[in-house]
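A.B. asks: Sequence order for the protein chains is A and B. The numbers in the UniProt record's numbering rise by one with no breaks, and the one at position 69 of the first sequence is 69. The numbers in the UniProt record's numbering rise by one with no breaks, and the one at position 239 of the second sequence is 239. Don't be surprised by glycine CBs; every beta carbon is placed ideally from N, CA and C. Computed from a predicted structure; not experimentally measured.
There are 2 protein chains.
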Amino acid sequence: MKYIIGIDVGTTATKVVLYDENGQKVASAQREYPLIQEKMDQAEEDPKLIFDAVQDVIFSLSRKRKITAISWSSQMHSLIGLDGNKELLTNSLTWADNRAKNVVKKAKAEGLAQKIYQQTGMPIHPMAPVYKLFWLKQEKPEIFSEVKYWLGIKEYLIYRLTGKLVEDLSMAAGTGLLNLKTLTWDQELLSQVGITEQALPKLVKSSDVVGSVKEEYRRKLDLDENTKVIAGASDGYLSTIGVGAIDEADFAMNVGTSGAVRCLAKKSVIDKKAQFFCYPADQGYLIGGPVNNGGIVFEWARKVLLGPNESAENFLTLAQSAPVGNRGLIFHPYLGGERAPIWDANARGSFVGLTRSHTKAEMARSVIEGIVFNLYDASHEIIQSAGKPHAIRITGGFVRSDFIRQMLADVYNLPIIAMKNSESGTLAAMFLGRQALGLSRDLSEIRKFVSEEKVYFPDPENVTRYQKILPVYREIENDLAKSYEKLANLQNKLQ
Amino acid sequence: MKYIIGIDVGTTATKVVLYDENGQKVASAQREYPLIQEKMDQAEEDPKLIFDAVQDVIFSLSRKRKITAISWSSQMHSLIGLDGNKELLTNSLTWADNRAKNVVKKAKAEGLAQKIYQQTGMPIHPMAPVYKLFWLKQEKPEIFSEVKYWLGIKEYLIYRLTGKLVEDLSMAAGTGLLNLKTLTWDQELLSQVGITEQALPKLVKSSDVVGSVKEEYRRKLDLDENTKVIAGASDGYLSTIGVGAIDEADFAMNVGTSGAVRCLAKKSVIDKKAQFFCYPADQGYLIGGPVNNGGIVFEWARKVLLGPNESAENFLTLAQSAPVGNRGLIFHPYLGGERAPIWDANARGSFVGLTRSHTKAEMARSVIEGIVFNLYDASHEIIQSAGKPHAIRITGGFVRSDFIRQMLADVYNLPIIAMKNSESGTLAAMFLGRQALGLSRDLSEIRKFVSEEKVYFPDPENVTRYQKILPVYREIENDLAKSYEKLANLQNKLQ
Chain A
1 MKYIIGIDVG TTATKVVLYD ENGQKVASAQ REYPLIQEKM DQAEEDPKLI
51 FDAVQDVIFS LSRKRKITAI SWSSQMHSLI GLDGNKELLT NSLTWADNRA
101 KNVVKKAKAE GLAQKIYQQT GMPIHPMAPV YKLFWLKQEK PEIFSEVKYW
151 LGIKEYLIYR LTGKLVEDLS MAAGTGLLNL KTLTWDQELL SQVGITEQAL
201 PKLVKSSDVV GSVKEEYRRK LDLDENTKVI AGASDGYLST IGVGAIDEAD
251 FAMNVGTSGA VRCLAKKSVI DKKAQFFCYP ADQGYLIGGP VNNGGIVFEW
301 ARKVLLGPNE SAENFLTLAQ SAPVGNRGLI FHPYLGGERA PIWDANARGS
351 FVGLTRSHTK AEMARSVIEG IVFNLYDASH EIIQSAGKPH AIRITGGFVR
401 SDFIRQMLAD VYNLPIIAMK NSESGTLAAM FLGRQALGLS RDLSEIRKFV
451 SEEKVYFPDP ENVTRYQKIL PVYREIENDL AKSYEKLANL QNKLQ
Chain B
1 MKYIIGIDVG TTATKVVLYD ENGQKVASAQ REYPLIQEKM DQAEEDPKLI
51 FDAVQDVIFS LSRKRKITAI SWSSQMHSLI GLDGNKELLT NSLTWADNRA
101 KNVVKKAKAE GLAQKIYQQT GMPIHPMAPV YKLFWLKQEK PEIFSEVKYW
151 LGIKEYLIYR LTGKLVEDLS MAAGTGLLNL KTLTWDQELL SQVGITEQAL
201 PKLVKSSDVV GSVKEEYRRK LDLDENTKVI AGASDGYLST IGVGAIDEAD
251 FAMNVGTSGA VRCLAKKSVI DKKAQFFCYP ADQGYLIGGP VNNGGIVFEW
301 ARKVLLGPNE SAENFLTLAQ SAPVGNRGLI FHPYLGGERA PIWDANARGS
351 FVGLTRSHTK AEMARSVIEG IVFNLYDASH EIIQSAGKPH AIRITGGFVR
401 SDFIRQMLAD VYNLPIIAMK NSESGTLAAM FLGRQALGLS RDLSEIRKFV
451 SEEKVYFPDP ENVTRYQKIL PVYREIENDL AKSYEKLANL QNKLQ
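#1: Give the interface partners of Phe315 of chain B over in chain A, defined as CB-CB distance under 8 Å, in chain order.
#2: Specify, as a first and last residue, the run of the alpha helix (DSSP H) that Lys25 of chain B falls within.
#3: Tell me the DSSP secondary structure of Ile124 of chain B in three-state form.
#4: Quick one: using the 10 Å Cβ neighbour count with 16 as the cut-off for buried, is Asp8 of chain B buried or exposed?
#5: Run through DSSP, which three-state label would Phe276 of chain B get?
#6: How many Å lie between Asn179 of chain A and Leu286 of chain A at the Cα?
#7: Please state whether DSSP places Met253 of chain A in a helix, a strand or coil.
#8: When you compare the stretch 323-333 of chain A with the stretch 451-471 of chain A, are there three or more beta-carbon pairs, one atom per stretch, that lie closer than 8 Å?
#9: Within its chain, find whatever has a CB closer than 6 Å to the CB of Ile417 of chain A; leave out the 5 residues flanking it on each side and keep chain order.
#10: Using a Cβ-Cβ cutoff of less than 7 Å, which residues in the same chain neighbour Lys101 of chain A once the five nearest sequence positions on both sides are dropped?
#11: In the DSSP assignment, find the alpha helix (DSSP H) that holds Ser424 of chain A and state where it starts and stops.
#12: Output needed for Leu432 of chain B: all residues of its chain with C-beta closer than 7 Å, excluding positions within five of it in sequence on either side, in chain order.
#13: Under 8 Å between beta-carbons, which chain A residues line up against Ile246 of chain B? List them in chain order, please.
#14: Residues of the stretch 467-481 of chain A with a CB closer than 7 Å to any CB of chain B: list them in chain order, please.
#15: If you pair each beta-carbon of the stretch 468-479 of chain B with each one of the stretch 480-494 of chain A, do three or more pairs fall below 8 Å?
#16: Using the beta-carbon count (16 or more within 10 Å), is Phe357 of chain A buried or exposed?
#17: Check the Cβ-Cβ distances between Ser483 of chain B and every residue of chain A, and say whether any is below 8 Å.
#18: Establish whether the CB of Leu35 of chain A and some CB of chain B are separated by less than 8 Å.
#19: Could you confirm whether any beta carbon from chain A is found closer than 8 Å to the beta carbon of Arg160 of chain B?
#20: Does Tyr156 of chain B come out as helix, strand or coil in the three-state DSSP assignment?
#21: Using a Cβ-Cβ distance cut-off of 8 Å, determine whether Val372 of chain A contacts chain B.
#22: Does DSSP put Glu142 of chain B in a helix, a strand or coil?
#23: Is the beta carbon of Ile342 of chain A less than 8 Å from the beta carbon of Leu221 of chain A?
#24: Can you list, in chain order, the residues of the stretch 298-332 of chain A whose Cβ is nearer than 7 Å to any Cβ on chain B?
#25: Under 8 Å Cβ-Cβ, which residues of chain B neighbour Gln491 of chain A?
#26: Pick helix, strand or coil for Met419 of chain A, following the three-state DSSP scheme.
#27: State buried or exposed for Phe403 of chain A, treating a residue as buried only when at least 16 other CB atoms are found within 10 Å of its CB.
#28: Provide the residue span of the alpha helix (DSSP H) that contains Gly211 of chain A, from first to last.
#29: Which runs of the alpha helix (DSSP H) at least 4 residues long sit entirely within the stretch 435-486 of chain A? Give them in chain order.
#30: Are the stretch 287-301 of chain B and the stretch 241-259 of chain B in contact at 8 Å, needing three or more beta carbon pairs?
#31: State buried or exposed for Pro34 of chain B, treating a residue as buried only when at least 16 other CB atoms are found within 10 Å of its CB.
#32: Enumerate in chain order the residues of its own chain whose CB-to-CB distance from Gly387 of chain A is below 6 Å, with the five nearest sequence positions on each side excluded.
#33: Take every Cβ of the stretch 238-254 of chain B, pair it with every Cβ of the stretch 85-93 of chain B, and state whether three or more of those distances are shorter than 8 Å.
#34: Are any of the Cβ atoms in chain A nearer than 8 Å to that of Arg365 of chain B?
#35: Buried or exposed: which applies to Thr94 of chain B, given that a residue is buried once 16 or more other Cβ atoms fall within 10 Å of its Cβ?
And the structure:
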């Protein structure tokens, strides 16, 4: 029996799942690490602690079984600098680090940001390493000039294990430095940033075997010279194919604390309004929108409207007692600024349309509807480009209730497929391992390992109601958009 | 000892207070009657039931004492039609009746509404009898043509008691048919409506003696031929002078369920934006703005945010725990549409600026701040015209707490004088009686009967904070104003 480890390197923890050669989950482990947020907009991690966590979880599974391959699903947009000896000069600046926001503002004003989006498919946002490089060059020039190699967290972990500096396309795409047409590092952008191709990892395929584990770690982690390290891919790409969304017919939606809607398209597409990302992958292009305001907004409303000790179930029961559309009470869920679809870090939340007869139940339902409307709008431009899918495959903590799943079906006017397996990232990482080992060939074979829990079909009456509400939700969002900067400035003044 | 009865004819009840000749309150009584709201936007009352209530309350006080004078404070904007025998042909269409709203919309589009405001000082609103007359002519032409006399509820009650058809200026001003320059019925408007001066009461002064009580009611109500019936005035005018606000140096603010800010000015002023009323009175002109959203919004928030069984005190305690300005969370209080300062029946309430760190306490405080900001904005144009007052004299259920009184002082940046006497309407009606009897002469003498509870002075630090917030509150209100009609239409569709 062959065993493959799928490692999911997340923002707050690394999770690993051990699969047997039939794709069955055999064991799993998890280890957490801290996010460093000492300064305004800072969000760093210590790469050494993450490597320690990865060693721990590998070791917890390798002691009992011979591991054939190790494959990766990884958080995107992190940036790490190494010196000439490939020693760390920086922490990992994660996707949540917003310190490059003024760099983005300037790049937007100068047209550079739009150019980066057009050439690389990377949305205009400070999370992109390209902006972080500009920021470091400006704010920490001594570090910037000392760094000889720039890479992300997955690349760092693979380097530590194998000694190889490689990066797969799906991760490279998230840097904002990969040319979408040539699928090579964009020389023009590199020279604008002031680095050369030699400073960046070699580009490889996600299912490529990078090499074997260095002897030092073989001994330490109970691995041997036959254990293959696979390049792996981004969590965005893998959680999409990991629910069986392998072409335009199915979209994948994951909504936990935050959320995303994604689709694997055959052709690259760039949106004029820069509303979605387009990241090349081994096969096709991952297009989609990341959404800040998912379950975290539900949690806020549960605590503030109902009470800190009330359960999510009670909040859902209350919300469910209100009518579709809450007699015209609308909620915009932008409590944490927003990425897709509006890409405005200053966006704020709002309840509008309140009358004296509105109830707490209607406020509760409006919050859930607002989260769902925003997910729908984040999907809108993707549908415009990739076409309307046949169904949407959903995962995540926010979409666990029948109530919210049915609401998604009614708002999207599409069948919603709730998926059984929650670990789509490690599952797809394992599948890359199978491809590398020759156990699977075509991407479509991943469907064998994916199972559906239940399908929800739209209710025509509710569809009609939501289609009356959505245009008003959007128009008011447009009217309010002018206020966001004013509100953000006021909030800074009142701090 | 002489005794004067002050009668306050309100919308849901008539209250009477018996005063002795020193202005001391001796006894009081109250009797309620129903509002008829069977159709959309209808709000009628049966004048016969109100006359019954008035007889009851007079009789309850007259049995024990010899009554020298009966004087009136009255709800405004009601309309009643009598036939040639002075018998009722209609109910009283109260200020809350909104059925003329389409008439107003049309009059606004045609410029007639602006003309009515310019010529009479009556704001553009379906509550005005002038619009109700147009509406009756259009919707109930047979009744309109049969009516020989048009009057309001106070005029009807005085007619029943004395047989005289008279109306004082302050009440006549509320019809939208009294010319602000000539202080006579506006012939041009009368002919546009299609009625003549003979159909309207004779104009008199508020402190005029109308006559004595008809023999029928003298017997029935234990009155005699010496009991004088005084013309009386509108509750708006009397509650202003009744707190001692007798010139531009003091504004009067009353906030119960709804609210109003008023000032007795020496000259008539008309606002280009038609944001306030200007009603002539015996001395000077009452300018001000009526506000729908006072304590009724506080009550809504108490029930919806906190809970139906929680006390107002608990809600105030919670709100008080939040900082000034709620770290940029803003509430617009338009749960019931709004009259002053925005005059938009479709206006709706909103919370804007929400972030994940906002609390229930901040939502609660934002509601109270929103009500106060709106009162301030309703005063803004009056201040522009009449000048900044030295202080504001406040009464009403919403302004009973130190917390809200201090907030008013901080938002207005003015001393706030909380008044002791809550029955300013009957007190001032009594004062008109004193003037009629020669017991008092100059209006300034009313101050003898008025007492202050406590004065609240602005806190400079909070003033500065509110002055940062108010422009943003207003700008966002402007942005949202575009949405109100859309929201109202959506709410009709979803009913």
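C.D. replies: In this structure, then:
#1: Counting from 1 along the second sequence, the entry for residue 315 of chain B is found at position 315. Within 8 Å Cβ-Cβ: nothing; Phe315 of chain B doesn't reach chain A, min ~14 Å.
#2: The residue labelled residue 25 of chain B in the question sits at position 25 within the second sequence. Unbroken run through Lys25 of chain B is the beta strand (DSSP E), Lys25 to Glu32; no alpha helix (DSSP H).
#3: Start at 1 with the first residue of the second sequence, and residue 124 of chain B comes out as number 124. Judged by DSSP in its simplified three-state form, Ile124 of chain B adopts coil rather than helix or strand.
#4: Taking the second sequence and counting its residues from 1, the one referred to as residue 8 of chain B is at position 8. When all chains shown are included, Asp8 of chain B counts as buried.
#5: Sequence index remark: in the second sequence, residue 276 of chain B carries index 276 (1-based). Here Phe276 of chain B sits in coil by DSSP.
#6: Counting from one through the first sequence, the residue named residue 179 of chain A turns up at place 179. Counting from one through the first sequence, the residue named residue 286 of chain A turns up at place 286. If you draw a straight line from the Cα of Asn179 of chain A to the Cα of Leu286 of chain A, it is about 15 Å long.
#7: Counting from 1 along the first sequence, the entry for residue 253 of chain A is found at position 253. Correct three-state label for Met253 of chain A: strand.
#8: Touching, per the Cβ criterion.
#9: In the first sequence, counting from the first residue as 1, residue 417 of chain A sits at position 417. For Ile417 of chain A, where only same-chain residues beyond five positions count, the Cβ hits under 6 Å are Ala391, Arg393, Glu452 and Val455.
#10: Position 101 of the first sequence, counting from 1, holds the residue named residue 101 of chain A. For Lys101 of chain A, same chain residues with a beta-carbon under 7 Å away, outside a window of 5 residues either side, are Asp41, Pro126 and Ala345 in chain order.
#11: Your numbering for residue 424 of chain A matches position 424 in the first sequence. Residues Ser424 to Leu437.
#12: Residue 432 of chain B sits at position 432 when you count from the first residue of the second sequence. For Leu432 of chain B, where only same-chain residues beyond five positions count, the Cβ hits under 7 Å are Ser71, Ser206, Ser207, Ile230, Gly232 and Ala233.
#13: Counting from 1 along the second sequence, the entry for residue 246 of chain B is found at position 246. Here the premise fails: no neighbours, minimum Cβ distance about 35 Å.
#14: So the close ones are Lys468, Ile469, Val472, Glu475, Ile476, Asp479 and Leu480.
#15: Judged by Cβ distances under 8 Å, the stretch 468-479 of chain B makes contact with the stretch 480-494 of chain A, as three or more pairs qualify.
#16: One-based indexing of the first sequence puts residue 357 of chain A at position 357. Correcting the residue identity first, residue 357 of chain A is Ser in this sequence and not Phe. Exposed.
#17: The residue labelled residue 483 of chain B in the question sits at position 483 within the second sequence. Closer than 8 Å: yes.
#18: Here the question's residue 35 of chain A lines up with position 35 in the first sequence. For Leu35 of chain A, the closest Cβ of chain B is not nearer than 8 Å.
#19: What you label residue 160 of chain B is simply residue 160 of the second sequence in a count that begins at 1. For Arg160 of chain B, the answer is no, since every Cβ of chain A falls outside 8 Å of its Cβ.
#20: As a working note, residue 156 of chain B is residue 156 in the second sequence. Helix, per DSSP.
#21: The residue you call residue 372 of chain A lines up with position 372 of the first sequence. Closer than 8 Å to the CB of Val372 of chain A there is not a single CB belonging to chain B.
#22: Translated into the one-based positions of the second sequence, residue 142 of chain B becomes position 142. Looking at Glu142 of chain B - three-state DSSP - the assignment turns out to be helix.
#23: In the first sequence, counting from the first residue as 1, residue 342 of chain A sits at position 342. In the first sequence, counting from the first residue as 1, residue 221 of chain A sits at position 221. No. Outside cutoff.
#24: So the close ones are Trp300, Val304, Gly325, Arg327 and Gly328.
#25: Indexing the first sequence from 1 puts residue 491 of chain A at position 491. The contacting residues are Arg327, Gly328, Gly353 and Thr355.
#26: For this step, residue 419 of chain A is matched to residue 419 along the first sequence. Strand.
#27: Position 403 of the first sequence, counted from the first residue, corresponds to residue 403 of chain A. The residue is exposed, with fewer than 16 neighbouring Cβ atoms inside 10 Å.
#28: As a working mapping, residue 211 of chain A is identified with position 211 in the first sequence. Counted as a single uninterrupted DSSP element, the stretch harbouring Gly211 of chain A is not any alpha helix (DSSP H) but the beta strand (DSSP E) occupying residues Val209 to Ser212.
#29: DSSP runs (the alpha helix (DSSP H)) wholly in the stretch 435-486 of chain A: 460-481.
#30: Under the 8 Å Cβ criterion, the stretch 287-301 of chain B counts as touching the stretch 241-259 of chain B, having at least three qualifying pairs.
#31: Within the second sequence, numbered from 1, the residue matching residue 34 of chain B stands at position 34. By the C-beta density criterion, Pro34 of chain B is exposed, having fewer than 16 other C-beta atoms within 10 angstroms.
#32: The count along the first sequence starts at 1 and reaches residue 387 of chain A at position 387. Within the same chain, Gly387 of chain A has close Cβ partners Glu248.
#33: With contact defined as three or more Cβ pairs closer than 8 Å, the stretch 238-254 of chain B and the stretch 85-93 of chain B are not in contact.
#34: Counting from 1 along the second sequence, the entry for residue 365 of chain B is found at position 365. Residue-level contact check: Arg365 of chain B does not touch chain A, since none of the beta carbons of chain A fall below 8 Å from its beta carbon.
#35: Looking up residue 94 of chain B in the second sequence gives position 94. Counting Cβ neighbours within 10 Å, Thr94 of chain B comes out buried, since at least 16 surround it.
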